[in-house]
Every structure is written in structure tokens, then in C-alpha cells.
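For the record, the sequence lines run as chains A and B. For the first sequence, the numbering used here assigns the number 1 to the initial residue and increments by one for each residue that follows. For the second sequence, the numbering used here assigns the number 293 to the initial residue and increments by one for each residue that follows. All C-beta atoms, glycine included, are put in the ideal place defined by N, C-alpha and C. These notes concern the structure reproduced below.
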Amino acid sequence: MRSDPAAYQLVAPGTLHGALSLLAEQPGQWCPIAGGTDVMVQFAAGKLAPRKLVSLWNLRELRNIEILPEEIRIGAGCTYTASREHSVIHREFPLLARAAGWTGGIANQNRGTLGGNIANASPAADSLPALLAYEAELILVSIRGERRVPYLEFHTGYKKMNLAPDELIRAICIQRRYSQYFQYTRKVGARNAQAISKVCIAALGQYGNGIVEDIRIAFGSVAPVPVRLFGAEQILRGKPIEPALIAQAKQVASSTIQPIDDIRSTSRYRSAVAGNLVAEFLEQLRGKGHAI
Amino acid sequence: MAAPHETDGRCVISFTVNGSPRTVQVYPMQRLLDVLRKELQLTGAKEGCGEGECGSCSVLVNGELVNSCLIPALQAEGARVTTIEGLSKGPHLSALQKAFLNCGGAQCGICTPGMILSASHLLSKNPEPTLDDIREGLAGNLCRCTGYMQIFEAVAQAAKQSIAKPEAERPENRA
Chain A
1 MRSDPAAYQL
11 VAPGTLHGAL
21 SLLAEQPGQW
31 CPIAGGTDVM
41 VQFAAGKLAP
51 RKLVSLWNLR
61 ELRNIEILPE
71 EIRIGAGCTY
81 TASREHSVIH
91 REFPLLARAA
101 GWTGGIANQN
111 RGTLGGNIAN
121 ASPAADSLPA
131 LLAYEAELIL
141 VSIRGERRVP
151 YLEFHTGYKK
161 MNLAPDELIR
171 AICIQRRYSQ
181 YFQYTRKVGA
191 RNAQAISKVC
201 IAALGQYGNG
211 IVEDIRIAFG
221 SVAPVPVRLF
231 GAEQILRGKP
241 IEPALIAQAK
251 QVASSTIQPI
261 DDIRSTSRYR
271 SAVAGNLVAE
281 FLEQLRGKGH
291 AI
Chain B
293 MAAPHETDGR
303 CVISFTVNGS
313 PRTVQVYPMQ
323 RLLDVLRKEL
333 QLTGAKEGCG
343 EGECGSCSVL
353 VNGELVNSCL
363 IPALQAEGAR
373 VTTIEGLSKG
383 PHLSALQKAF
393 LNCGGAQCGI
403 CTPGMILSAS
413 HLLSKNPEPT
423 LDDIREGLAG
433 NLCRCTGYMQ
443 IFEAVAQAAK
453 QSIAKPEAER
463 PENRA
């Protein structure tokens, strides 16, 4: 059953301060909507519970991409299109640029925002494994001020977030040193375009002097939240990549993730594919990881 | 910021549709698709899935391809909207529309307006697309009749013709 638009309120304060003031006056009462690619789907299905919405679309303060010497700060209101077409993101952060290109078709990429992808908190969100692999930090803002939290600590459970009722995600910060790493990402879905992932990996590493010098491995769609594979990283760090080590890493990866059976795939398939993706990443890292 | 109407929650939205200024009084959460079809009688944009998967409601907003089923009316305030009705100039079809006819790129017609707007958006950004570019540009538009090949051919043909012709001779630039 479709929702009745007359039953909903939507306001567009036009500035970040205006939106934050509204959230501060009535915390928890207002549901933010940016490009609408998730909220309007809920609305169309008659499942949008909040009746009061505040539009963040086109807020200038949320659309900046700031390039600093050490890090890049991507405004939470940047669309997937703005992200994938930005020259620095394209060149230095291919995991994020590729994830942005995987999300829906062009029309959804022109509207969906990175902040929205984070706040919607789907375990299958395409951009989140990349944020984990890059150890991204989020700048959260409210009328009380700003705070910075590692993305790793932001999603605390299925659709649960470290976000106060009066806060919005303002920006995503990524260290530019990761651009020097070998980067690998792959999404496995039912078809190439417009598919929600069965399993998605984002990983980066440095391989030199015949050993894994540094490594980050993250997965989406295999647990209630995107997961970082700290256990697998630990057994890999400092060691040469050899068949026995790859087999061990695959095993640790499979035991770390908690995939489920659902309409898109099975737990067994997801575990097997996750292990194979770890192996493919390690083989490529061994081949190219020392070249900067 | 559009002011909500005092009594029933509706608001006045002013925007430009196919080059003409339009004003409508609608609920802010009314979908742009419904505003176009029901308030402005522009029925070229179709409703397929209603959830941003099929692309049959595609229109251009400020030159960007979007699914009009996912846009609340309030977010179209002040925007430039182009629908399929805005691509032809009177009886003159655009090069893309002609190419779709020539190549058999349209059958039942439900996906066609969205396909043509996606193709138009693609060619505006990338006038010489490869087949892969065309596939990606149209990936958000589903067709259940053609099998897509004639559609891709039509886009490639329109691109070739547009490059071959000087700017002023293209149908979309004729008065």
C-alpha cells in the first residue's frame, strides 16, 4: 500500500544550521532525507514510519570535497556521481570510486549520497567496506558542536548507529597515505548492474621485502554490519604470502564472518566466496603489492 | 524555502518544466512523477516499479538523470525539469528519438521515454560512448521487450550522427 503524501510533513530549511536547529528543538522527531533513494522507497512501500521529514538535499555545507595534505574530507551530501567523478577520489581511493559506480544505475548515483548510504545502515551497502578498509573517520555535527568518530565504531549493530538524535553526518575523512597501498575490491551479485551484493570485499595492503608489511581487509553483506577482518590481518602481517598462509587466511576469514541465508544467497555460498576473495586479493597483492 | 500552506499542508512549488515556468500547489512529499503526470498532464514519464529500479520514470532535473518516483515535490522547487515531451521540437523529433525509430529500439513503449532520457544524459556527458559506456549509462533502465540490442544500436547511431553534423544542424537546436 502506497503512503498518502498528505500524511507526511517535509520541510527544507535551506541551511545546515536550520536543519540542525530543527533536530535540536525536537530530537528524534525529524527524519533526514537527502537524495531520497532509500527514504522514498520506504515511502512508496507504505513503510515510512516517521511522519516528519527534513530535507538535506543540496545543502551547500554538506557537498564540499576538501583536499588537505594528509586527508580528504568528503561532505556527507556528496552524491555517488560527485564522488566517482572527483579526480582525487578516482585516482587515490579507487575502492570508494568503484563502490560508488556499483550503487544502482546512473539515476540513483545522481541522487544517492555517501552520508545517506552510511545512515541507512544496510549491511549490504556498497561504500561501507571501502570506508572500513581506509579506516575512515566520520565528522558528526549537531548544534552542540562537532565530534569525530572512527567509522569502525559507528555501526554498532544491525541498523544501530553511534549517532545522537540531534546529530547529522557531516563528512567522511580518509587518510591520503592509503593511496600508496595496493587496493583491491570486488562485489559479487546476481548480475553486474543494479544488483544488491551477495558478498563485497574491500582490501588494501603493502607487500615488500617478501612479506606483508601492512594489510586491511573488510567485507559487506556477511554480517549485521560491515566487518573488518582483524584476525586474518594479524596472521598475515609480517609473513610471505604462500599457499599454506592463504589457506589459513581463508579459514580465519570464514570463521570471522556471520553470513545468513536470505533471498539473495546462502550462508554457505557467502562463506566460500568470502574465502576465495581473500585468496584472490592475496595473490594479487603478492604480484603487485610492492609496486607503488 | 517553499512555505507550507496554512490549512492542509500543501505548498506552492515553482519550477521550470520543458522550458516553461510552472507553479503547482501540492503536498511536499508528493512524488515528482505524480506531479508531472497528474498535475501537469505530462504522461511521458511512466511508473514501472515505483522504487528506483526500472528507470521508466526517468527525467532530467537540472540536466541530471533522476528517477522521478523517488523525488519529493518540495525538492524540485526552483529546478529545471526535462521530460520526454521536452526533447522534440514540435513535430521535429530529436536525433535520438529518430534513431530509436530507425533501429526498432521501441516496442511496447513503457521503457522508451526513460531509455531516451538516459541516452540523452549519457550523450550530453560523453558524446562518443563505447558500447560499454552505453551499457553502463542505460543500466538503470529495464526493458522486457527488445533484449536491449536495438536500444544500444540506436544510441550508437544517434551519437555517430550528432558527431557527423555541425552543432547548428542538429534537430534539437533548430527553432
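Looking at C-alpha atoms only, which residue of the options is the closest neighbour of residue i?
i, options, result
"A:Y207", "A:M40, A:R286 and A:A12", "A:R286"
"A:E92", "A:G112, A:P69 and A:G75", "A:P69"
"A:S271", "A:R264, A:A279, A:I257 and A:L282", "A:I257"
"A:K187", "A:G205, A:K198 and A:E66", "A:K198"
"A:L22", "A:E167, A:Q248, A:K239 and A:T37", "A:E167"
"B:V447", "B:R436, B:C437 and B:S386", "B:S386"
"A:L204", "A:S55, A:E233 and A:S3", "A:E233"
"A:S254", "A:Y269, A:E242 and A:S265", "A:Y269"
"A:V252", "A:P243, A:I235 and A:E242", "A:I235"
"A:R144", "A:P259, A:E25 and A:H90", "A:E25"
"B:E331", "B:G342, B:G301 and B:Y319", "B:Y319"
"A:Y178", "A:Q284, A:V88 and A:R51", "A:V88"
"A:S265", "A:L138, A:R191 and A:D214", "A:R191"
Check residue i in the structure and name its three-state DSSP category.
i, result
"A:T81", "helix"
"A:Q29", "coil"
"A:A195", "coil"
"A:T256", "helix"
"B:R462", "The predicted model places B:R462 with a pLDDT of 49, which falls under 50 and marks its position as unreliable; any figure quoted below should be read in that light. B:R462 falls in the coil class under three-state DSSP."
"A:I201", "strand"
"A:P50", "coil"
"A:T37", "coil"
"B:I443", "helix"
"A:V278", "helix"
"B:E369", "coil"
"B:Q449", "helix"
"A:Q148", "Gln is not the amino acid found at residue 148 of chain A; the sequence shown has Arg there. Correct three-state label for A:R148: strand."
"A:I292", "Confidence in A:I292 is poor, its pLDDT being 40 and thus under 50, which makes the residue's placement too unreliable to answer from."
Indicate whether residue i and residue j have their beta-carbon atoms separated by less than 8 Å.
i, j, result
"B:Q322", "A:P224", "no"
"A:D126", "A:C200", "yes"
"B:S410", "B:G429", "yes"
"A:A100", "A:R84", "yes"
"B:I426", "B:F444", "yes"
"A:A202", "A:L95", "yes"
"B:P405", "B:A451", "no"
"A:V41", "B:G344", "yes"
"B:T374", "B:L334", "no"
"A:G220", "A:P123", "yes"
"A:L48", "A:V54", "no"
"A:G36", "B:L362", "yes"
"B:G347", "B:N359", "yes"
Residue i bridges to which residues according to DSSP?
i, result
"A:E71", "A:Q175"
"A:L168", "A:V141"
"A:N218", "Per the sequence presented here, residue 218 of chain A reads as Ala, with Asn not at that position. BP columns for A:A218 point to A:A202 and A:R228."
"A:K160", "A:G157"
"A:Q9", "A:K52"
"A:F182", "A:G205"
"B:S306", "B:T315"
"B:K381", "B:H384"
"A:V188", "A:V199"
- Task: Tell me the start and end of each unbroken beta strand (DSSP E) in the region 312–365 of chain B that is at least 3 residues and wholly inside, in chain order.
- Result: 312–318, 350–353 and 356–359
- Curious, which full-length alpha helix (DSSP H) runs of at least 4 residues does the region 96–141 of chain A contain? 106–109, 114–120 and 128–133
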